[in-house]
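First comes the structure, then the notes that go with it.
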Amino acid sequence: MNTDNLFKPFTLKSLNIKNRIVMAPMTRSFSPSGVPTADVAAYYQKRAEGEVGLILSEGTVINRLSASNDANVPHFYGDAALAGWQQVINGVHAVGGAMGPQIWHMGIMDNHHSGWLPEVPFEGPSAFNRPGHENGKAMNEADITDAIIAYGKAAADAQRLGFDCVELHGAHGYLIDQFFWDGTNNRNDIYGGKTLAERSRFAIEVIKEVRRQVGKDFAIIIRLSQWKPSDYNYKMAANPEEMEAWLKPMADAGVDIFHCSQRRFWEPEFEGSDLNFAGWAKKITGKATITVGSVGLNGDFMAAFAGESSAPSSLDELMRRMDRGDFDLVGVGRPLLADPFWTQKIREGRSAELKGFTKEALGTLVID
475 MNTDNLFKPF TLKSLNIKNR IVMAPMTRSF SPSGVPTADV AAYYQKRAEG EVGLILSEGT
535 VINRLSASND ANVPHFYGDA ALAGWQQVIN GVHAVGGAMG PQIWHMGIMD NHHSGWLPEV
595 PFEGPSAFNR PGHENGKAMN EADITDAIIA YGKAAADAQR LGFDCVELHG AHGYLIDQFF
655 WDGTNNRNDI YGGKTLAERS RFAIEVIKEV RRQVGKDFAI IIRLSQWKPS DYNYKMAANP
715 EEMEAWLKPM ADAGVDIFHC SQRRFWEPEF EGSDLNFAGW AKKITGKATI TVGSVGLNGD
775 FMAAFAGESS APSSLDELMR RMDRGDFDLV GVGRPLLADP FWTQKIREGR SAELKGFTKE
835 ALGTLVID
């Protein structure tokens, strides 16, 4: 297996990274009261030491009281949390790494198993986080405007702290995705609509505000998914035409890189072509793309959250698609969660030393 293309440098606006491997965002919940600790900083620094090209942080929430359902998910606002993130990026840069925070608002959520609840009700385009399940309130236009500004402020703070880019979380059933989905967006105002393109207005306004606050030269990534946690087989865009109507306005609004989440990266997105989601996004928009979804392990990544383990798997199919030019960057999740030196081992051909993923890795910040 020739992995040379994985280890070519990549440059785009503020991003200058040593290789094409991206540490995918993975929620860790190790930031008490929303403040990243020294252990969190060490966790990310160790992945940078392990030669990851670009680290994307766990989701870190914007300044809205109900943006999170977990007291230990990090904030990206407030002096204490931002000081914590300053230590994170300083540590990553000290060992030659690059990093961007994933800016997040969870939207309408199920209550956390801990029993913790935010001070105010969860908020979203409607009161639902999936069809038939109501657990919050619909945002009014003032709420929406404030949230859009908060996304922009978080991105501007990331730039000020010295991060190399920013990612907006628009996938997996969270706030931006709840606006996309007709199962959760039943609005009759300008933020609703019968088509996916119409329901993309909130995302487009967030992107424009982020671009306004960070300027033209700071790289903006958006993470998207077709599937929903409540429906793994769902496709919001049923064909390439609908996907074009969805993605191109976001590209025009200021997205530089589309981070295309699939459960399994090797699965074709539409009949008649073996292109995956990232392949179609690049073909449609001409923008750079990140493919992600069970890269480097033999099991579906969603199964990890049910405690299933996975063993290392061949990267032959990944390299076939990358060598063909389907995508520019590769998101790696569980292998890096369990093994900080996964990237280095792949580069050096040390496949026999690769670690598998076990559920125990979810319960700690692995730093060796």
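Per the numbering used here, numbering through the sequence shown is continuous, rising by one, with the last residue being 842.
For glycine and all other residues, C-beta sits at the position ideal for the given N, C-alpha and C.
Practice item. Go to R444, then tell me how far its alpha helix (DSSP H) extends in each direction, as first and last residue. Key: Limits of the chain in this structure are 475 at one end and 842 at the other, which puts residue 444 out of reach.
Point to revise | Which residues DSSP lists as bridging S699, in chain order | key: Residue numbering aside, residue 699 sits at position 225 when the sequence shown is read from its first letter. Answer by DSSP bridge pairing, in chain order: S735.
**Study point:** DSSP state of L811 mapped onto helix, strand, coil
**Key:** One-based indexing of the sequence shown puts residue 811 at position 337. Residue state, collapsed to three classes: helix.
Check your understanding: Is the segment 506-513 touching the segment 657-671, taking contact as three or more C-beta pairs under 8 angstroms?
Key -> no
**Study point:** Contact belief for Q818 with G524 at Cβ below 8 angstroms, rounded distance in angstroms
**Key:** For the purposes of this step, residue 818 is taken as the residue at position 344 of the sequence shown. For the purposes of this step, residue 524 is taken as the residue at position 50 of the sequence shown. That belief holds up - the Cβ atoms of Q818 and G524 are roughly 5 angstroms apart, short of 8 angstroms.
**Study point:** Per DSSP, the bridge partner or partners of R604
**Key:** For this step, residue 604 is matched to residue 130 along the sequence shown. Per DSSP, H607.
Exercise for review: Mind checking who N490 pairs with in its DSSP beta bridge?
Suggested key: By 1-based counting over the sequence shown, the position of residue 490 is 16. BP columns for N490 point to T485.
**Study point:** Residue from E608, K482, V840 and Q700 with nearest C-alpha to R738
**Key:** What you label residue 738 is simply residue 264 of the sequence shown in a count that begins at 1. When each option's Cα is compared against that of R738, the closest is Q700.
Practice item. For T477, name the three-state secondary structure that DSSP assigns. Key: Your numbering for residue 477 matches position 3 in the sequence shown. Looking at T477 - three-state DSSP - the assignment turns out to be coil, as it is neither helix nor strand.
**Study point:** At least three beta-carbon pairs within less than 8 angstroms, the segment 608-618 to the segment 546-560
**Key:** no
Check your understanding: Less than 9 angstroms separating the beta-carbons of G598 and A612?
Key -> For the purposes of this step, residue 598 is taken as residue 124 along the sequence shown, with counting starting at 1. For the purposes of this step, residue 612 is taken as residue 138 along the sequence shown, with counting starting at 1. Yes. Within cutoff.
Review point. Does the segment 709-728 come close enough to the segment 745-755 that 3 or more CB-CB pairs lie under 8 angstroms?
Key: yes
Review point. Can at least three beta-carbon pairs, one atom from the segment 632-643 and one from the segment 480-494, be found at a separation below 8 angstroms?
Key: yes
**Study point:** Collapsed DSSP secondary structure at E672 in the structure displayed
**Key:** Within the sequence shown, numbered from 1, the residue matching residue 672 stands at position 198. DSSP places E672 in helix when its eight states are reduced to three.
Check your understanding: From the DSSP output, which residues share a beta bridge with T763?
Key -> Taking the sequence shown and counting its residues from 1, one reaches residue 763 at position 289. DSSP, once it has assigned bridges, lists F732 as partnering T763.
Exercise for review: Tell me the start and end of each unbroken beta strand (DSSP E) in the segment 638-666 that is at least 3 residues and wholly inside, in chain order.
Suggested key: 639-643
**Study point:** Own chain residues within Cβ distance below 7 angstroms of V562, not counting five before or after
**Key:** Taking the first residue of the sequence shown as 1, we reach residue 562 at position 88. Taken in chain order, the residues that qualify are P510, V514, A515 and Y518.
Check your understanding: Where does H549 fall in DSSP's three states?
Key -> The residue you call residue 549 lines up with position 75 of the sequence shown. Here H549 sits in strand by DSSP.
Point to revise | Of the residues Q687, S735, W816 and I678, the one placed nearest Y708, counting alpha carbons only | key: If you number the sequence shown from 1, residue 708 lands on position 234. Checked all of Q687, S735, W816 and I678; the closest Cα to Y708 is S735.
Practice item. Return the chain-ordered list of same chain residues with a C-beta closer than 6 angstroms to the C-beta of R604, the five sequence neighbours on each side being excluded. Key: Taking the sequence shown and counting its residues from 1, one reaches residue 604 at position 130. Here the set comprises S704.
Practice item. Would you give the residue range spanned by the beta strand (DSSP E) that G574 belongs to? Key: Residue mapping note: residue 574 aligns to position 100 of the sequence shown, counting from 1. Run containing G574: M573 to W578, per the beta strand (DSSP E) assignment.
Practice item. Evaluate Y706 with the Cβ neighbour count: other Cβ atoms within 10 Å of its Cβ, from every protein chain shown; 16 or more gives buried, anything less gives exposed. Key: By one-based count along the sequence shown, residue 706 stands at place 232. Per the 10 Å Cβ criterion, exposed.
Check your understanding: When every heavy atom of the ligand SAM is checked, does at least one fall within less than 8 angstroms of the C-beta of L486?
Key -> For the ligand SAM, the structure offers nothing, since it holds no ligand at all.
Review point. To which residues does DSSP link A909 through a beta bridge?
Key: No answer is possible for residue 909: it lies beyond the span of the chain, which begins at 475 and ends at 842.
Check your understanding: Going along the chain, which residues of its own chain have a beta-carbon closer than 8 angstroms to the beta-carbon of I529, five neighbours each way excluded?
Key -> Here residue 529 refers to the residue found at position 55 of the sequence shown. Around I529: V496, M497, Y518, R521, A522, V566, G571, A572, M573 and G574.
Exercise for review: Using the Cα positions of E834 and M500, report the straight-line distance between them to the nearest angstrom.
Suggested key: Position 360 of the sequence shown holds residue 834. Position 26 of the sequence shown holds residue 500. Taking the straight line from one Cα to the other gives about 15 angstroms.
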